[in-house]
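Participant: Let me give you the structure first, and then I'll get to my questions.
In mature numbering (1 follows the signal peptide of the UniProt record, and there is no 0), the protein residues as written are -24 to -1, 1 to 430.
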């Protein structure tokens, strides 16, 4: 497992600043690498030495077709796997796998596989977002001991990161289209593969996409999130509302739930850290959503460096609207014949629970795609330092709107043999709608009652 130490350096000054709660932005001369030797988002522009990882080449907005429901065609549909990793040959590729991925082969030796395809690095965002990222590079600072940001706009505060917590902030704030509505489905299969589905309608808006946003007074809100359960009937009508803050130590996230049975809105302080995830049957925590979310204050974050790794990418096949959910959900894990893996460079960050803090995960290993700042794999360890859960995200580029995001999030429990799959939309009437607009009044506790009408 080769770590590229030369790709970053944490100096004495940087460590000192982090210890006092503030990290200086990079000098202008270093930020000038963005768009030159580095992509505008901070990845290495060049490929690797043997060409197995290509140079960055942003996808065109017309890279494929968009159907009437908003689903994208697969630009790589004609490609075949270069090879497939199985339990029989996995040791040959162990150096380019996360421990959690390797453990999946040992847990499910007859069925788990990783089809590896040619690598593509097409992730891109609009030019205006690139401009904000470059501005952040020289102006955004960490505050509150690394648990908040100042002088931040739009997305990705640290495109040239020096510390682990900066990489995590890039994941938390990465560009997701600014605003989106989506219909998604969640399954929590039993070990034998039997499952029921939970259906969600999500609304997700970053602050600068609100119609009443005042850039002169941005405040501490990062984004607004509303999630309504639409099925099954026993859960339908429940609504979760979250006001996500930039500095959650100074001002913790605010959350409310509407209980349709009681017709009551109440505060939901449990919607954070290791509080239970919505309708997840105990298989995920609140901060497992979006692979990882929320305040970073309970962990120490160590940047281990960069490495080459096989991660689930360009998951258009998995997002095909011709698929049924039963085609995807199988015993033990999703149908890996529908998965696509590519060799990519990832940042490796280790999160270790601080002394005196509480969380069911004592350690987490993050592997974050350099091109998108999206977490690709996260290994979760329990209090005995035993590998417990493995999160794997299947990502795709929504090339028509220049948004990198997930097709499907999975969280595998190695101990129970169960797992969670969130984000499926194959059978829904529409894919993501990135044209959603709203005002702050749409994300108030009072608005929940109207949203929760069955």
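A virtual CB, placed ideally from N, CA and C, is assigned to each residue, including glycine.
Under the three-state reduction of DSSP, which class applies to residue 188: helix, strand or coil?
Facilitator: Here residue 188 refers to the residue found at position 212 when the chain shown is read from its first residue. Of the three classes helix, strand and coil, the one that applies to residue 188 here is coil, per DSSP.
Participant: The alpha helix (DSSP H) spanning residue 96 covers which residue range?
Facilitator: Position 120 of the chain shown holds residue 96. First-last for residue 96: undefined, no H or E at that position.
Participant: Rounded to a whole number of angstroms, what is the C-alpha to C-alpha distance between residue 90 and residue 316?
Facilitator: In the chain shown, residue 90 corresponds to position 114, counting from 1. In the chain shown, residue 316 corresponds to position 340, counting from 1. Each residue's Cα considered, the two are about 7 angstroms apart.
Participant: What does a CB cutoff of less than 8 angstroms around residue -4 pick up in its chain, not counting 5 residues either side in sequence?
Facilitator: Numbered from its first residue, the chain shown carries residue -4 at position 21. Unreliable placement is indicated for residue -4, whose pLDDT of 44 sits below 50; the coordinate value is still reported in the next sentence. Cβ neighbours of residue -4 beyond the five flanking positions: 118, 119, 120, 121 and 122.
Participant: State the start and end residues of the unbroken alpha helix (DSSP H) segment that holds residue 431.
Facilitator: Within the shown structure, residues of the chain are numbered from -24 to 430, placing residue 431 beyond reach of any answer.
Participant: Would you call the region 158 to 172 and the region 416 to 427 touching, i.e. three or more CB-CB distances under 8 angstroms?
Facilitator: As far as the Cβ criterion goes, the region 158 to 172 does not touch the region 416 to 427, which means the pair count is below three.
Participant: Span of the alpha helix (DSSP H) holding residue 21?
Facilitator: As a first step, residue 21 must be located in the chain shown, where it is residue number 45. No alpha helix (DSSP H) contains residue 21, which DSSP labels as neither H nor E.
Participant: Answer yes or no: do residue 87 and residue 308 have a C-beta to C-beta separation smaller than 8 angstroms?
Facilitator: Locating residue 87 in the chain shown gives position 111, counting from the first residue. Locating residue 308 in the chain shown gives position 332, counting from the first residue. Contact flag set, yes.
Participant: Let me check understanding here. Comparing Cα to Cα, which of 31, 83, 364 and 59 lies closest to residue 260?
Facilitator: Indexing the chain shown from 1 puts residue 260 at position 284. Of the candidates 31, 83, 364 and 59, the one whose C-alpha sits nearest the C-alpha of residue 260 is 364.
Participant: Do the region 292 to 308 and the region 41 to 52 make contact, defined as three or more Cβ pairs closer than 8 angstroms?
Facilitator: yes
Participant: Let me check understanding here. Comparing Cα to Cα, which of 153, 23, 272 and 358 lies closest to residue 474?
Facilitator: Because residue 474 is not part of the residues shown, which for the chain are -24 to 430, the question remains open.
Participant: DSSP three-state call for residue 430: helix, strand or coil?
Facilitator: As a working mapping, residue 430 is identified with position 454 in the chain shown. Unreliable placement is indicated for residue 430, whose pLDDT of 47 sits below 50; the coordinate value is still reported in the next sentence. Secondary structure at residue 430: coil, using DSSP grouped into helix, strand and coil.
Participant: By Cβ distance below 7 angstroms, which residues in the same chain neighbour residue 241 in space, the five residues on each side in sequence not counted?
Facilitator: Within the chain shown, residue 241 is the residue found at index 265, counting from 1. If we look at residue 241 and ignore the five residues flanking it on each side, its Cβ neighbours are 232, 234, 421, 424 and 425.
Participant: Please list the terminal residues of the continuous alpha helix (DSSP H) segment that includes residue 321.
Facilitator: Translated into positions along the chain shown, residue 321 becomes position 345. Taken as a continuous stretch (DSSP letters only), residue 321 belongs to no alpha helix (DSSP H), being part of the beta strand (DSSP E) at 317 to 329.
Participant: Whole angstroms is fine: what's the gap from residue 310's alpha carbon to residue 3's?
Facilitator: Walking along the chain shown from the start, residue 310 turns up at place 334. Walking along the chain shown from the start, residue 3 turns up at place 27. So the alpha carbons of these two residues sit roughly 45 angstroms apart.
Participant: What residues are listed by DSSP as bridge partners for residue 216?
Facilitator: Walking along the chain shown from the start, residue 216 turns up at place 240. Paired residue(s): 203 and 233.
Participant: Keeping to the same chain, check which residues put their C-beta closer than 6 angstroms to that of residue 373; ignore five residues upstream and five downstream.
Facilitator: Mapped onto the chain shown, residue 373 falls at position 397. Within the same chain, residue 373 has close Cβ partners 35, 98, 99 and 380.
Participant: Tell me whether residue 81 is buried or exposed, calling it buried when 16 or more other Cβ atoms sit within 10 Å of its Cβ.
Facilitator: In the chain shown, the residue the question calls residue 81 occupies position 105. Residue 81 is buried by the Cβ-count criterion.
Participant: At which residues does the beta strand (DSSP E) containing residue 76 begin and terminate?
Facilitator: Position 100 of the chain shown holds residue 76. No beta strand (DSSP E) contains residue 76, which is instead part of the alpha helix (DSSP H) from 75 to 83.
Participant: Where does the unbroken alpha helix (DSSP H) through residue 141 begin, and where does it stop?
Facilitator: Taking the first residue of the chain shown as position 1, residue 141 is located at position 165. Segment 140 to 149, the alpha helix (DSSP H) holding residue 141.
Participant: Beta-carbon within less than 7 angstroms of residue 57's beta-carbon, same chain only, minus the 5 sequence neighbours each way: which residues are those?
Facilitator: Here residue 57 corresponds to residue number 81 of the chain shown, with the count starting at 1. Cβ neighbours of residue 57 beyond the five flanking positions: 91, 92 and 93.
Participant: Does the count of Cβ pairs from the region 251 to 265 and the region 203 to 223 closer than 8 angstroms reach three?
Facilitator: Look at the beta carbons and you see the region 251 to 265 touching the region 203 to 223: at least three pairs across the two are nearer than 8 angstroms.
Participant: Please report the residue range of the beta strand (DSSP E) in which residue 354 lies.
Facilitator: On the chain shown, residue 354 is found 378 positions in, with the first residue counted as 1. Residues 351 to 357.
Participant: Please name the residue in 384, 357 and 410 whose C-alpha comes closest to that of residue 390.
Facilitator: Looking up residue 390 in the chain shown gives position 414. Residue 390 has its Cα closest to that of 357, out of 384, 357 and 410.
Participant: Whole angstroms are fine: how far does the CA of residue 103 sit from the CA of residue 131?
Facilitator: The residue labelled residue 131 in the question sits at position 155 within the chain shown. The residue labelled residue 103 in the question sits at position 127 within the chain shown. C-alpha separation (whole angstroms): 12 angstroms.
Participant: For residue 179, does the count of other Cβ atoms within 10 angstroms reach 16, so buried, or fall short, so exposed?
Facilitator: Along the chain shown, one-based indexing puts residue 179 at 203. It counts as buried.
Participant: Can you name, in chain order, every residue of its own chain whose Cβ lies under 7 angstroms from the Cβ of residue 83, other than the five neighbours on each side?
Facilitator: Locating residue 83 in the chain shown gives position 107, counting from the first residue. So the qualifying residues of the chain are 390.
Participant: Applying the 10 Å Cβ sphere with the 16-neighbour rule, what's the burial state of residue 413?
Facilitator: As a working note, residue 413 is residue 437 in the chain shown. Classification of residue 413: exposed, given that the 10 Å Cβ count is below 16.
Participant: Considering only C-alpha positions, which residue in the set 126, 265, 229 and 237 is nearest to residue 384?
Facilitator: Residue numbering aside, residue 384 sits at position 408 when the chain shown is read from its first letter. It is 265.
Participant: Spatial neighbours of residue 341 within its chain, please: CB distance less than 6 angstroms, with the 5 preceding and 5 following residues excluded, ordered by chain position.
Facilitator: As a working mapping, residue 341 is identified with position 365 in the chain shown. Excluding sequence neighbours, residue 341 sits near 326 and 355.
Participant: In three-state DSSP terms, what is residue 432?
Facilitator: Residue numbering for the chain in the displayed model covers -24 to 430; residue 432 lies beyond these limits and cannot be assessed.
Participant: So with Cβ pairs under 8 angstroms, would you call residue 314 a contact of chain D?
Facilitator: In the structure shown, chain D does not exist; there is a single protein chain.
Participant: Let me confirm a value: residue 402 is counted as buried when at least 16 other C-beta atoms fall within 10 Å, else exposed. Which label applies?
Facilitator: As a working mapping, residue 402 is identified with position 426 in the chain shown. Looking at its Cβ environment, which holds 16 or more other Cβ atoms inside 10 Å, residue 402 is buried.
Participant: In or out: residue 112 buried (at least 16 other Cβ within 10 Å) or exposed?
Facilitator: In the chain shown, counting from the first residue as 1, residue 112 sits at position 136. When all chains shown are included, residue 112 counts as buried.
Participant: Measure the CB-CB distance between residue 183 and residue 167 and report whether it falls below 8 angstroms.
Facilitator: Counting from one through the chain shown, the residue named residue 183 turns up at place 207. Counting from one through the chain shown, the residue named residue 167 turns up at place 191. No; because the gap between Cβ atoms is not below 8 angstroms, this pair is not in contact.
Participant: Verify the contact flag: residue 345, CB atom, against every heavy atom of the ligand HEM, threshold strictly below 7 angstroms.
Facilitator: This structure lacks the ligand HEM; in fact it carries no ligand of any kind.
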